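Below: the structure, in structure tokens.
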Amino acid sequence: VRHVEQLAPAAQVMLDERTLTPGPIAPMMATTTADIVTRVTRREFIETLYYRLYAWPMLLPALADRSPEDLVQLAEAVLAQTADTEAELPVTLDPSGRELLVRHTWPENLRELEATLALAQLRARGAAAVGAAHLTMQADDAAPPATASLDEVERWHLLRVVAMYGGNRTHAARSLGVSRMTLITKLKLFAAEGTDE
């Protein structure tokens with residue numbers, strides 16, 4: 041669970057009851073990307089828990105509302121956080137990558153940025169930086185055509201799954217039903233064949 045609105049009803053009840061328990065409570069920060077007030081109104085989120093978590097609200101601007109410098113800094117922080125040192129993945133953006141990044145409107149906000157950068161890192165394996173050629177925004181990242189080869193379809197699917205898990209190869213491999221080593225070997229093979237753009 042990454043955001044508080046994703047908590048199952050039972051987990052909401054447990055957390056709500058925990059805040060009523062006497063004694064010290066560890067500081068907690070909850071994040072949400074949803075219209076949590078509407079969810080409370082629809083009884084999809086516990087009202088008392090909402091008010092307890094809303095003690096000190098911090099509203100963060102959407103990616104589309106951030107300055108180009110702020111967006112690039114955030115993107116490079118995400119790249120550094122998700123980079124696998126064993127995989128020779130770049131952690132910076134080159135000028136063309138920065139330009140494309142700041143032109144995009146990021147309708148899905150941080151989730152879209154993380155998935156896009158995880159995929160771009162894989163495509164840029166071995167490069168000094170992530171460039172425009174490595175970036176594919178979600179809206180443009182359509183499935184391969186029916187005329188694509190099996191290898192092209194496999195490559196597209198593997199990269200999308202790895203991106204979906206924010207670059208975490210262990211979780212991606214588990215989702216794909218293969219070992220982590222098998223997934224890493226296939227990704228390295230893509231790069232060796234020159235298909236990693």
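Letter by letter, the sequence shown follows residues 41 to 237 in the numbering used here.
Built from N, CA and C at the ideal position, the CB exists for glycine as well.
For clarity, every value in this text was computed on a predicted model and none was experimentally measured.
Query	Result
Buried or exposed (CB count within 10 angstroms, at least 16 for buried), GLU57	exposed
Cβ pair count under 8 Å reaching 3, the region 116 to 136 against the region 159 to 172	yes
The region 152 to 164 contacting the region 192 to 203, beta-carbon criterion three pairs below 8 Å	yes
Completely contained beta strand (DSSP E) runs for the region 51 to 132, where each covers 3 or more residues	none
GLY207 beta carbon less than 8 Å from that of ALA158	yes
CB of LEU223 within 8 Å of CB of LEU229, strictly	no
Which residues DSSP lists as bridging VAL170, in chain order	LEU133
Residues of its chain near THR141, where Cβ-Cβ distance is below 6 Å and the 5 sequence neighbours each way are ignored	Residue 141 is actually Leu in this sequence, not Thr. So the qualifying residues of the chain are ALA115.
For MET204, the nearest candidate out of GLU109, ASP110, ARG151 (CA to CA)	ARG151
Cβ-based neighbour list, ALA104, same chain, cut-off 7 Å, excluding 5 preceding and 5 following	THR145, TRP146
Status (buried if at least 16 other CB within 10 Å, exposed otherwise) for VAL53	exposed
THR176 burial status per 10 Å Cβ neighbour count (16 or more: buried)	buried
Boundaries of the alpha helix (DSSP H) in which ASN208 is found, first to last residue	No alpha helix (DSSP H) holds ASN208; DSSP gives it neither H nor E.
Sequence-distant residues of its chain with Cβ nearer than 6 Å to ALA123 (five each side left out)	LEU129, VAL131
7 Å Cβ shell around LEU93 - same chain, five flanking residues per side excluded	VAL44, ALA70
C-beta contact flag for LEU55 and LEU47 at 8 Å	yes
Sequence-distant residues of the same chain with beta carbon closer than 7 Å to GLU237, five excluded per side	Any reading at GLU237 must be qualified, since the residue scores a pLDDT of 40, below 50, and its modelled position is unreliable; the value itself is stated next. The residues are ARG163, ALA173, HIS174.
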